[in-house]
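Here the structure comes first, spelled out in structure tokens, and everything after it is commentary.
Chains as they are written, first to last, in the working numbering: chain U, 2 to 128; chain A, 2 to 128; chain B, 2 to 128; chain W, 2 to 128.
So this is what it looks like as structure tokens:
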């Protein structure tokens, strides 16, 4: 089993938005934005997240640790840090790590009766 | 808090289409195509957008500014410029900026009773 | 207005599938797989498409031309060539062009009463 | 017809999740996560998959072969190997091959009455 680190250390999510309102049983069907991270390496990854908004200065850092050889799927709704990230507001994320990660961005939108999904590998920035 | 620019200066959206028709309360559930942009740097980004069509010459530039350290989620439906971009027509976008950006393309389609979503990081062209 | 070519000349769609069955008015809501292409350059792009299957040899080439400075959104359902590409069958596509293109892959699935969407920039291969 | 290998040999899916529950006829509308792979080359590709979890050590390798010049769309639900991959659990995948592949990640979620879809080209890691 390999423990080789994979990915890069700066990632961007440009379309951040937590849909305001949900249909169906919580928490599974609660509308959410998520960043899904893999730390395939043998050292813990210390991750900081900055949140950029349309009409005010960025907020952050939000901090979390992804242990060695672990997946970590983080709902933005649940981020603990300087302040909550509110539903219904446009934002972008810059995710930095001291170890290589891979980041995928996924939204579940259950504002209407049936849920919609979207996902993309985030933008890997070589900074 | 960093103000380092991230991304690149030319981006392409190849599947542009504003679904003609919507279900649900406007504007949140109005069918739309969006380009979600991050300017993480310390200078405003001047952005020009060219729209390519199937059967006529490209139209543009559409111009907008993304301030320093700001997110800007732009519905294509709402672009102001040479002419409106109409629903129900296939198009592609070339997005150019004088400062690095990251661009993500998202569509919400509410033509039928429940909305559908799709999203992808746009294509970063190194021109 | 620029006419500079953007993109690359080989692209891959790995998840090809035309959902068998549709709900809603044709052709807009007919289930389909599409490759959305931009030729931003000043010369026509001659495109060949090979279709790879699970249990038999690849089929192709399917040929089409994307004129200079044009978008071309091609439903796979409608490809004309050696043989039709059937609904309900897994496939992959290799798209080659003599001029740079950008390719985005999108599916609309209306097998159930409300449509679902997915989209991703295709994989740009530097061959 | 070309048989040139395309792609790279290490790929990552960061948002792995099999939705627990389905609506509609099996197997087509059964909720699933899939990795869709193209081996465009002239030699079989031997693929190993490692599964990373949130709170325990990775599991693998899961092994499969993609024949020369073939598409292979693999539902994660159906992977045979050290142990089943269970619905309702977050995971990430590292996919390694001895020959170049292209990998796209797609989910169909039919927990609610109408299905939702998401797809992205996986992250190509140059290891």
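Beta carbons: idealized from backbone N, C-alpha and C, even for Gly.
Residues near residue 55/B by beta carbon distance below 7 Å, same chain, minus five either side: 91
Quick check on this structure: which residue in 39/U, 78/U, 105/U, 100/U has the alpha carbon closest to the alpha carbon of residue 27/U? 78/U
Helix, strand or coil for residue 78/W? Go by DSSP, reduced to three states. helix
Tell me, please, whether the CB atom of residue 80/B is closer than 8 Å to any CB atom in chain A? no
For the 8 Å Cβ check, are there 3 or more pairs between the region 59-74 of chain W and the region 15-29 of chain W? no
Same chain, Cβ closer than 7 Å to residue 84/U, five either side skipped, listed in chain order: 60
Can you give me, in chain order, the residues of the region 67-100 of chain U that have a beta carbon less than 7 Å from any beta carbon in chain W? 70, 71, 72, 73, 74
Any idea what DSSP makes of residue 105/B, helix, strand or coil? strand
Just list the residues that DSSP pairs residue 64/A with in beta bridges. 49/A
Span of the beta strand (DSSP E) around residue 119/A: 117-122
Of all Cβ atoms in chain A, is any one closer than 8 Å to the Cβ of residue 131/B? No information on residue 131/B is available, as it lies outside the stretch 2 to 128 that chain B covers here.
Residues that residue 34/W bridges to, as DSSP identifies them: Answer is 108/W, bridged to residue 34/W.
Give a yes or no on whether 8 Å exceeds the smallest Cβ distance from residue 28/B to chain W. Any Cβ of chain W closer than 8 Å to the Cβ of residue 28/B would place that residue at the interface, and such an atom is absent.
Helix, strand or coil: how does DSSP classify residue 97/B here? In this structure, residue 97/B counts as strand in the three-state DSSP scheme.
Quick check on residue 15/A - is its C-beta less than 8 Å from some C-beta in chain U? So no, residue 15/A is outside the interface.
Skipping 5 residues on each side, what residues in its chain have a beta carbon closer than 8 Å to that of residue 81/B? 63
Distance check for residue 11/W and residue 16/A, CA to CA, integer angstroms please. 28 Å
Determine, using beta carbons only, whether residue 58/B comes closer than 8 Å to chain U. By this cut-off, residue 58/B is not an interface position.
If I measure Cβ to Cβ from residue 120/A and keep anything under 8 Å in the same chain, skipping five residues before and after, which residues do I get? 105, 106, 107, 108
Straight-line gap, residue 99/A to residue 9/A (C-alpha atoms, nearest Å): 9 Å
How about residue 121/A: is its C-beta nearer than 8 Å to some C-beta of chain W? Output row for residue 121/A: interface = yes.
Run the CB neighbour count on residue 102/U, radius 10 Å, all protein chains shown included, and call it buried at 16 or more, exposed below. Buried, because 16 or more other Cβ atoms sit within 10 Å of the Cβ of residue 102/U.
By the DSSP assignment, the beta strand (DSSP E) with residue 27/U in it spans what residues? Premise fails: residue 27/U is in no beta strand (DSSP E) and is neither H nor E.
With DSSP collapsed to three states, give me the class of residue 8/U. Correct three-state label for residue 8/U: coil.
Looking at chain A, is there any beta carbon in it that lies within less than 8 Å of the beta carbon of residue 102/U? no
Looking at residue 48/A and residue 96/A, is the spacing between their C-beta atoms short of 8 Å? At the C-beta level, residue 96/A and residue 48/A come within 8 Å of one another.
Rounded C-beta distance between residue 7/A and residue 46/A? I'm assuming under 8 Å. With a Cβ gap of about 11 Å, residue 7/A and residue 46/A do not count as contacting.
Using only the alpha-carbon positions, how far apart do residue 58/W and residue 20/U sit? 34 Å
Could you work out which residue in 38/W, 126/W, 33/W is closest to residue 65/W when comparing CA atoms only? Nearest to residue 65/W by alpha-carbon distance, out of 38/W, 126/W, 33/W, is 38/W.
Distance, residue 127/B Cα to residue 35/U Cα: 31 Å
Cβ of residue 51/B less than 8 Å from any chain U Cβ? no
Under 9 Å Cβ-Cβ, which residues of chain B neighbour residue 64/W? Per Cβ cutoff of 9 Å: no residues; residue 64/W is ~18 Å from chain B at best.
Taking residue 1/B as the query, report the chain W residues whose CB atoms sit under 9 Å from its CB, ordered along the chain. As shown, chain B starts at 2 and ends at 128. That puts residue 1/B outside it, with no answer to give.
Chain-ordered neighbours of residue 113/U on chain A, where CB pairs are closer than 9 Å: 24, 25, 30, 111, 114, 115, 116
Does any residue of chain W have a CB that is nearer than 8 Å to the CB of residue 19/U? no
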